[in-house]
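What follows is a single structure, written as structure tokens, with notes after it.
Protein chains in written order, with our numbering: chain A, 21 to 373; chain B, 21 to 373.
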């Protein structure tokens, strides 16, 4: 968020609002140990976050995902078809991959530095309709997306060079999406990502200290307290984390207690996840005026080791602010709405459907 | 950066450029152990990064820093005056602080979660001219800014609740600056920030493994190799880090080998830092068309402990891209220009002055 002195963005002049001292709260992420600031002294109302303007897509740019052959895309690695023969979902290798198939990571070290080549896979998961986001699709269509995530994950996790697979989705230009046509991405990479390492270490440490799974402790407390709960179905809880890194951050946490590995999701859980994802994204769309967002699926590495204290889950970060000098330099994020208020607001959106 | 398939942002259609496999490189940060991707397979030329459009400041918004009394600011805590009596630099407490003076951190824990109140200080360092950025000022004016950093740092580091002091500067709306009038910020906080912790631990570990200071190893290698050097004066080396997190990332590293603590900067070093900072920011301004950027000053915590293996320094992150789903989920940043090419380009800007 923006940590400047308030200025003309506000309707009232700065001096009209009485500043109050020391109202902000430092909350610690129970898993990673990182800190966030909930700056309630400069708190906003939930509807202050409604998206005012979005960067428009250039209407002259052709959609490269409408006709995959004409736009020169690579051969699909997975295709789901509708009864009429047309595709409903397709997975293609990224034309300009950040990671690409190749020989095993090769040492590119220089002086004291260490580097390897970016061996891996970079795929794009595309739904047919150019205009409908995951929130707008039929439930079966979003379930197909989840199914494709699992299918591609399972195919790539056994590749020799792959240590971690990240699945993510960028919605809106401000969230880094350069193509308006809805799509998710998958990157299979030769190292375990630093953020997952941090969560794994934290989960391990929590288990040692409390003889409990940290995700179960979160689930139990959030179900009991209810103040940050946004939605719940048979297999998943959706809530705003206690130490939210951005306004309206959301997590979708599986209730099943014995599953660190996304690839082991059941058929029933897939439908349930699709439902939770849609309800949540719809609540954001309705409550905040279709904000840009990123969501991603965090799971255990596929590096041959066991991670009994982890639990796969989905994290959703709406792009409600810019991370500026303080966030970038410290790694401490500043949020201007309490997660409890954000949760209440999103809960209302779902209840009023 | 944007990790989508390339689309109409490019002048050429996607299929006109032949994709090449496995050209990207995973580089490891020698201090933190984190990874970055240098995606040379989608490499751009340096001038591809020239800022095309900037979000304009609203001309109807009054500058709150021109007349501090009229805009209802708090009493300055530091004022530097010109011979004519007008101020040239002023430091004021932030009207809406993310951290504010108060009693010692108080426990706000809830269930399994931990939180404390945000006790601390949040100040704004303002230079007189509303239009001139640090790159445009006279050398003595930028030296005054460095002097003010040190002065306020020294005043706040002994406060009981303060464990870490972060000084930073946001330039441009895209980098999170809501007020066009150039200013830096200082936040004195009751915890050591996660990013500094990571660097401290890394420096400690490097010392144990190599019996050497990691910052000295970097300095020695960068001076010897020269490929990433951008500028150098008596006391500082400016270079693009081997594992740059964004295109055109820059570090200003002191040559003095025995100083983990910014507050111990000498008078001579202050002038030298002002020179290095100006040359660097001017090179960015000239080479990339005044891009938005954040810079920050990383130094040892002021928590009463010693950090012999650390070295204070400045990190500059131009806002050349958006961190999207992959970066947010993994903590691995993707950059589309080699730091060596970025350094060469910026070096040319300085040499052609």
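Built from N, CA and C at the ideal position, the CB exists for glycine as well.
Item                                                                                                                   : Value
Cβ neighbours of residue 109 of chain B in the same chain (closer than 6 Å, five flanking residues each side left out) : 100, 147, 164 and 168
Closest by C-alpha distance to residue 156 of chain A, when choosing among A:305, A:270, A:256 and A:74                : A:305
Contact residues within the region 207-222 of chain A, judged by C-beta distance below 8 Å to chain B                  : 207, 209, 210, 211, 213, 214, 215, 216 and 218
Rounded separation between residue 76 of chain B and residue 103 of chain A - CA only                                  : 51 Å
Burial state of residue 228 of chain B (16 or more Cβ within 10 Å)                                                     : exposed
Contact list for the region 145-162 of chain B against chain A, Cβ threshold 8 Å                                       : none
Residue 237 of chain B versus B:153, B:276, B:296 and B:115, residue with shortest Cα-Cα distance                      : B:276
Chain-ordered chain B contacts of residue 241 of chain A [CB-CB under 9 Å]                                             : 130, 131, 132 and 133
When A:53, A:230, A:172 and A:218 are compared against residue 98 of chain A, the one with the closest alpha-carbon    : A:172
Unbroken alpha helix (DSSP H) run spanning residue 221 of chain A, endpoints                                           : 214-230
is_contact[residue 320 of chain B, chain A] using C-beta, thresh 8 Å                                                   : no
For residue 270 of chain B, the residue or residues it bridges with in DSSP                                            : B:336
As assigned by DSSP and simplified to three states, the class of residue 287 of chain B                                : helix
Sheet register partners of residue 184 of chain A (DSSP bridge)                                                        : A:209
Test item: CB-CB of residue 268 of chain A and residue 119 of chain A under 8 Å                                        : no
Cβ-based burial, residue 73 of chain B [other Cβ within 10 Å; buried from 16]                                          : exposed
Coarse secondary structure for residue 343 of chain A, derived from DSSP in three states                               : coil
CB contact check: residue 325 of chain A to chain B, cutoff 8 Å                                                        : no
Under 8 Å (Cβ pairs) to chain B, residues found in the region 271-296 of chain A                                       : none
Residue 107 of chain B - partner residues in DSSP beta bridges                                                         : B:101
Positions along the region 349-366 of chain B whose CB lies within less than 8 Å of some CB in chain A                 : 349, 350, 351, 352 and 354
Among A:64, A:130, A:80 and A:149, nearest to residue 244 of chain B - alpha-carbon criterion                          : A:130
Helix, strand or coil at residue 321 of chain B according to DSSP, with G and I counted as helix                       : coil
Cutoff 8 Å: residue 41 of chain B Cβ touching any chain A Cβ                                                           : Residue placement at residue 41 of chain B is poorly supported in this model, since its pLDDT is 43, which falls under 50; the coordinates are not used for a value here.
Residue 241 of chain A, DSSP secondary structure in three states                                                       : helix
Rounded straight-line distance, which links the Cα of residue 144 of chain A to that of residue 58 of chain B          : 20 Å
Residues near residue 196 of chain B in its chain [Cβ-Cβ closer than 8 Å; skip 5 each side]                            : 190 and 314
For residue 85 of chain B and residue 221 of chain B, the rounded distance between their alpha carbons                 : 40 Å
Proximal chain B residues relative to residue 175 of chain A, where beta-carbon distance stays under 9 Å               : Correct list: empty, because the minimum Cβ distance to chain B is about 18 Å.
Where residue 48 of chain B falls: helix, strand or coil (DSSP)                                                        : strand
Alpha carbon of residue 56 of chain A to alpha carbon of residue 360 of chain A, nearest angstrom                      : 15 Å
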